[in-house]
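Let me begin by presenting the structure, written as structure tokens, before commenting on it.
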Amino acid sequence: FWVFYMRQMQGGGRGGAMSFGKSKAKMIAPDQIKTTFADVAGCDEAKEEVAGVGGFLRDPRKFQKLGGRIPKGILMVGPPGTGK
Numbered sequence: 018f019w020v021f022y023m024r025q026m027q028g029g030g031r032g033g034a035m036s037f038g039k040s041k042a043k044m045i046a047p048d049q050i051k052t053t054f055a056d057v058a059g060c061d062e063a064k065e066e067v068a069g070v071g072g073f074l075r076d077p078r079k080f081q082k083l084g085g086r087i088p089k090g091i092l093m094v095g096p097p098g099t100g101k
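What follows is the structure, encoded as structure tokens:
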């Protein structure tokens with residue numbers, strides 16, 4: 018018991034069975050987001066593709082009228098730390 022208690026106090030017990038409900042994540046309302054694609058650095062071609070999919074997600078009826086299928090999501094791949 019003593020070892021378990023000391024690990025929890027030092028922060029070494031993170032991710033264990035008893036750490037549920039302790040998320041530090043904050044809810045952000047859509048009107049609080051100020052970042053645009055102009056603020057994002059990276060491959061211009063990749064940014065254009067993601068921006069195009071954003072158009073699908075914002076107004077799906079417009080693309081359905083043209084016969085397009087709405088994507089259910091985007092799968093971004095790459096090594097960790099690359100800002101996917």
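Position in the sequence shown (from 1) plus 17 gives the number in the numbering used here.
Quick reminder that beta carbons are idealized off the backbone N, C-alpha and C, glycines included.
Practice item. Please go through the same chain and pick out, in chain order, the residues whose beta-carbon is closer than 6 Å to the beta-carbon of Phe-54, but skip the five residues on each side of it. Key: Lys-64, Ala-68
Exercise for review: Report the rounded CA-to-CA distance for Thr-52 versus Pro-97, giving the unit in angstroms.
Suggested key: 22 Å
Review point. What is the DSSP secondary structure of Gly-71, counted as helix, strand or coil?
Key: helix
Practice item. Could you say which of Ile-87, Leu-83, Asp-48 lies nearest to Leu-74 if we only look at CA atoms? Key: Ile-87
Review point. Can you give the Cα-Cα distance for Gln-79 and Phe-21, rounded to whole angstroms?
Key: With the sequence shown as reference, residue 79 is identified as Lys, and Gln is not the correct amino acid for it. Looking at the two C-alpha atoms, the distance is approximately 57 Å.
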